[in-house]
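Reading through the structure tokens given below for one structure.
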Amino acid sequence: MKLTSVLKASVLAAFASAAPVLAEDAVKIGVITTLSGPAGYLGQDVRDGLQLAIDMEGGTLGGVPVELVVEDDGRKPGNGRQIAEKYMGDEGIKLLTGIIFSNVAGATVPDIVDNGAIYISPNAGPSTLAGKGCHENYFVVSWQNDALHEAAGAAAKKLGYTNAFALAPNYQAGKDAIEGFKRTFQGEIVGEVYTQLGQTDYSAEMAQIRAADPQVVFQFHPGGMGIAFLRQYQQAGLLGNIPMVLSEPSTDAVVLNAVGEAAVGIVATAHWNRDFDNESNKAFVAAWDEKYDRPITYYGSQGYDTGLLIASALRQTGGVDDIDALREAIRKADFDSVRGDFAFGQNQHPVHNWYQLDIVAGDDGKPVAVTKELLLENYGDAYADQCEM
Amino acid sequence: MILFLEQLLNGLQYGVMLFLLAAGLTLIFGIMGVINLAHGSLYMIGAFAGTWIATQTGSFWLGIPAGLLAAALIGFVIEATVIRKLYARDHLDQVLATFALILIFNQAIVLIFGRQPIFTPLPEALYGSVEIIPGLFYPPYRLMIIAVGLLVALGLYFLINRTRIGMLVRAGSTNRDMVRALGVDVRLLYTVVFGLGALLAGLAGYMTGPILAVQVGMGEEILLATFVVVVIGGVGSIKGAFVAGIGLGVVDTMLRAFLPTILRGFMQPSDADAIGASISSMGIFLLMAIVLLIRPKGLFAVGG
Numbered sequence: 002m003k004l005t006s007v008l009k010a011s012v013l014a015a016f017a018s019a020a021p022v023l024a025e026d027a028v029k030i031g032v033i034t035t036l037s038g039p040a041g042y043l044g045q046d047v048r049d050g051l052q053l054a055i056d057m058e059g060g061t062l063g064g065v066p067v068e069l070v071v072e073d074d075g076r077k078p079g080n081g082r083q084i085a086e087k088y089m090g091d092e093g094i095k096l097l098t099g100i101i102f103s104n105v106a107g108a109t110v111p112d113i114v115d116n117g118a119i120y121i122s123p124n125a126g127p128s129t130l131a132g133k134g135c136h137e138n139y140f141v142v143s144w145q146n147d148a149l150h151e152a153a154g155a156a157a158k159k160l161g162y163t164n165a166f167a168l169a170p171n172y173q174a175g176k177d178a179i180e181g182f183k184r185t186f187q188g189e190i191v192g193e194v195y196t197q198l199g200q201t202d203y204s205a206e207m208a209q210i211r212a213a214d215p216q217v218v219f220q221f222h223p224g225g226m227g228i229a230f231l232r233q234y235q236q237a238g239l240l241g242n243i244p245m246v247l248s249e250p251s252t253d254a255v256v257l258n259a260v261g262e263a264a265v266g267i268v269a270t271a272h273w274n275r276d277f278d279n280e281s282n283k284a285f286v287a288a289w290d291e292k293y294d295r296p297i298t299y300y301g302s303q304g305y306d307t308g309l310l311i312a313s314a315l316r317q318t319g320g321v322d323d324i325d326a327l328r329e330a331i332r333k334a335d336f337d338s339v340r341g342d343f344a345f346g347q348n349q350h351p352v353h354n355w356y357q358l359d360i361v362a363g364d365d366g367k368p369v370a371v372t373k374e375l376l377l378e379n380y381g382d383a384y385a386d387q388c389e390m
Numbered sequence: 497m498i499l500f501l502e503q504l505l506n507g508l509q510y511g512v513m514l515f516l517l518a519a520g521l522t523l524i525f526g527i528m529g530v531i532n533l534a535h536g537s538l539y540m541i542g543a544f545a546g547t548w549i550a551t552q553t554g555s556f557w558l559g560i561p562a563g564l565l566a567a568a569l570i571g572f573v574i575e576a577t578v579i580r581k582l583y584a585r586d587h588l589d590q591v592l593a594t595f596a597l598i599l600i601f602n603q604a605i606v607l608i609f610g611r612q613p614i615f616t617p618l619p620e621a622l623y624g625s626v627e628i629i630p631g632l633f634y635p636p637y638r639l640m641i642i643a644v645g646l647l648v649a650l651g652l653y654f655l656i657n658r659t660r661i662g663m664l665v666r667a668g669s670t671n672r673d674m675v676r677a678l679g680v681d682v683r684l685l686y687t688v689v690f691g692l693g694a695l696l697a698g699l700a701g702y703m704t705g706p707i708l709a710v711q712v713g714m715g716e717e718i719l720l721a722t723f724v725v726v727v728i729g730g731v732g733s734i735k736g737a738f739v740a741g742i743g744l745g746v747v748d749t750m751l752r753a754f755l756p757t758i759l760r761g762f763m764q765p766s767d768a769d770a771i772g773a774s775i776s777s778m779g780i781f782l783l784m785a786i787v788l789l790i791r792p793k794g795l796f797a798v799g800g
């Protein structure tokens, strides 16, 4: 049972805190992330991925001793802002990261960059901060939000579908998802349904999909909603009859694990997958499996990439005292991302590849994502042109 | 027509789920006068305990007693340690204390099971879908939920209306002080009622496992709708919880299913989708407002 590992972890933690605190000159990195509630596993994986990068270097990043300061924002924008102000004011932290959700990022990031500190996003990439709202102190390691769904649209188009049924929760990210999908899909949308945020029962939507009989279904339901949606899709007998194309958040390893066989046969899209064949990724996967007994999600990979990026910058600057030098060093993106090629675009968001994945049954019957082919090469985002720095 | 029937079944299934949760909540609220926000936690505990046993043993059916027992047991414990101290306090204290329970249980689940949602197996026999009438395919698992829900409703009806305990429960929800004055061991009655409510919440939690996601905070997602059922049905009334639960389930499902299509008849499709989605999200609350306007104490108000 998990309990033993929990006990072990708390014993270790007790010892760790009893050990002498790191040297005074350790660079503090402020992590604001979501650890509580149903979405807590996202923040946990980002944090642990980042910590893994530090551990693999023996407590340093780029040869500079670092220390993570972590606090839970509870998915609330107000909390995020408060934590950021505490980090910058009381603790003098100049390098911050960790935010999972766009609503928290939207309220917190402007505050951080206006204070002259640097923020590196390991997940959220809202459009408001990608175009006119871009800032020289703001970097995104993960992706721009829309790109996630543009990849799914591109996949549906590539597979030759000409009409689709799209569903997403009735909130900003849900609307952005369907817009992003439509932008690259360009086919006919035979049904566009907005579900309630936090909805648990999707039987009404299943019946609508069946009645509309589309060539393909696209849906974006993060976390538990998506698990419920996929299971009910299978139980309604739609899986296998109407294909489904999904964007990355709908098929992370945790979702696949919880959904089970109801995910087999789905087409997924991603910027990273466990099976990527590059040295950096192999080292990451091996280290993760060694340290944590749970599947790696792409959130974990983004946390790890954030660690590698910070390491590459600190190696050049030796510290965070000169913010201008640090910014320049980060902008070079001189690190081996676990996703392969990586560069920052004009708005300091990633320019990278998107892939099509197939969800197939693994040896133990549990679904696994297998990388199928390159979908979008060196793909940036729709907002980079509007950014003037 | 087929689509309509299917949506009706969907509404019925959602309704009996709401009823299972609301039945316990309305009894606890009506008889003990306690607002128990932690009712959703009992639902979560039932789901986690049942699912864990089901995964360990490989049998879905063994999970049922496990989920029921765990929820009832935790129900007894929190009644004896926390809720009992709250009977004489005002509602604000009750909300505060039971909200604390939510946080404690959520964190306990994180410590034991982790933050990841867990997989819940579906019983082998209930895979896929069956053709009920020509052209109407429906998942048998959902049919089972409807059947179980209706059976529980029947059982509760007999328990409340035909047994001594039921008589005390009815008396308690009408006039608490009089029952106490007549020498009934109210403390024991409260414990039994709370345990029963917890048991039903655990059953609802475990049965929804294969349909929904079993994860931390799952109870809070459904708690709001449950309170709406309790309020519409009338606090303390099992009959009210049944009628309101089924009614709300059907109304909510129908609005989601058909409102956008109806609106498309006379406005732009994009507007119809947006307005339809908004109105159907508000649907159950609008219904509650209307019911309260006409019958301020709910449909089947008990006591004075």
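Going down the list, the sequences are from chains W and G.
Mind the numbering: the first sequence is residues 2 to 390 in the working numbering, read in order.
Mind the numbering: the second sequence is residues 497 to 800 in the working numbering, read in order.
For each residue, glycine too, the CB sits at the ideal point set by N, CA and C.
Q) If you count every other CB in all the chains shown that lies within 10 Å of the CB of D673/G, and 16 or more means buried, which is it? A) exposed
**Q.** Residue closest to R611/G, alpha-carbon to alpha-carbon, out of V255/W, S248/W, N242/W and I190/W
**A.** Selection V255/W, S248/W, N242/W and I190/W evaluated against R611/G yields V255/W as nearest (Cα-Cα).
Q: Quick one: which residues of the region 687 to 719 of chain G get their C-beta closer than 8 Å to a C-beta of chain W? List them in chain order.
A: Of all residues in the region 687 to 719 of chain G, only T704, P706, I707, L708, A709, V710, Q711, V712, G713, M714, E717 and I718 come within less than 8 Å of chain W when Cβ atoms are compared, listed by chain position.
Q) When we look at the beta-carbon of W144/W and count the other beta-carbons within 10 Å, is it buried (16 or more) or exposed? A) For W144/W, the number of other beta carbons within 10 angstroms of its own is at least 16, and it is reported as buried.
Q. For A15/W, which of helix, strand or coil comes out of DSSP?
A. Low confidence applies to A15/W: its pLDDT is 47, below 50, so where it sits in the model is not reliable enough to give any reading.
Q | Helix, strand or coil at G188/W [DSSP, three-state] | A | coil
Q) So, does the CB of L618/G fall closer than 9 Å to a CB anywhere in chain W? A) Cβ-Cβ to chain W under 9 Å: yes for L618/G.
Q: Give me the Cα-Cα distance between G511/G and T61/W, rounded to the nearest whole angstrom.
A: C-alpha separation (whole angstroms): 56 Å.
Q: Please check if any C-beta of chain W sits within less than 9 Å of the C-beta of A770/G.
A: yes
Q) If the cut is a Cβ gap below 7 Å, which residues of chain C does P630/G touch? A) Annotation note: the requested chain C is absent from the structure, which comprises protein chains W and G.
(Q) To the nearest angstrom, how far is the alpha carbon of K95/W from that of A85/W? (A) 10 Å
Q) What are the residues that DSSP puts in a beta bridge with W355/W? A) In DSSP, W355/W forms a bridge with L377/W.
Q | chain W residues whose Cβ lies nearer than 8 Å to that of A773/G | A | N171, V194, Y195, T196 and Q197
Q) The alpha helix (DSSP H) with K283/W in it runs from where to where? A) E280 to K292
Q.
Can you tell me where the beta strand (DSSP E) holding M245/W begins and where it ends?
A. M245 to L247
(Q) Rounded to whole angstroms, what is the Cα-Cα separation between G526/G and F796/G? (A) 12 Å
Q. Cα-Cα, which of R76/W, R328/W, F166/W and A125/W is closest to A148/W?
A. A125/W
Q.
So with CB distances below 7 Å, who are the chain W contacts of V606/G?
A. Under the 7 Å cutoff, chain W gives G41.
Q.
Check whether chain W comes within 9 Å of F556/G, counting only Cβ atoms and requiring the distance to be less than that.
A. no
Q. Should V689/G be labelled buried (16 or more other beta-carbon atoms within 10 Å of its own) or exposed?
A. buried
Q | Buried or exposed by the 16-neighbour rule on C-beta atoms within 10 Å, applied to L508/G | A | buried
Q. Considering only residues of the same chain and omitting the five flanking positions on each side of G779/G, which have a CB-CB separation below 7 Å?
A. Excluding residues within five positions, the ones whose Cβ falls inside 7 Å are V747, D748 and L751.
(Q) Beta carbons nearer than 7 Å to chain W: which residues of the region 550 to 577 of chain G have them? (A) none
Q: Determine the direct distance from the alpha carbon of L240/W to that of A165/W, and round the result to whole angstroms.
A: 15 Å
Q) Which residues, taken in chain order from the region 751 to 766 of chain G, show a beta carbon closer than 9 Å to some beta carbon of chain W? A) L751, R752, A753, F754, P756, T757, P765 and S766
Q) Looking at chain W, which residues of the region 508 to 536 of chain G have a Cβ within less than 9 Å of any of its Cβ atoms? A) Q509, Y510 and M513
Q | First and last residue of the uninterrupted alpha helix (DSSP H) at F723/G | A | M714 to G729
Q) Going along the chain, which residues of its own chain have a beta-carbon closer than 6 Å to the beta-carbon of V361/W, five neighbours each way excluded? A) V371
Q | Residue range of the unbroken beta strand (DSSP E) whose run includes G31/W | A | V28 to T34
Q.
If distances are taken between C-alpha atoms only, which option among L692/G, V606/G, I790/G and V682/G comes closest to G651/G?
A. L692/G
Q. Looking at C-alpha atoms only, which residue of V105/W, N116/W, A152/W and M226/W is the closest neighbour of T129/W?
A. V105/W
Q) With a CB to CB cut of under 8 Å and the five nearest residues on each side skipped, what residues in its chain are close to V22/W? A) Because V22/W carries a pLDDT of 43, less than 50, the predicted location of this residue cannot be relied on, and the following value inherits that uncertainty. Cβ neighbours of V22/W beyond the five flanking positions: none.
Q) Can you name, in chain order, every residue of its own chain whose Cβ lies under 7 Å from the Cβ of G631/G, other than the five neighbours on each side? A) Same-chain partners within the cutoff: I498.
Q: Go through the region 150 to 208 of chain W residue by residue and report every complete run of the beta strand (DSSP E) that reaches 3 residues or more, in order.
A: With a minimum length of 3 residues, the continuous beta strand (DSSP E) runs that stay inside the region 150 to 208 of chain W are 164 to 170 and 189 to 196.
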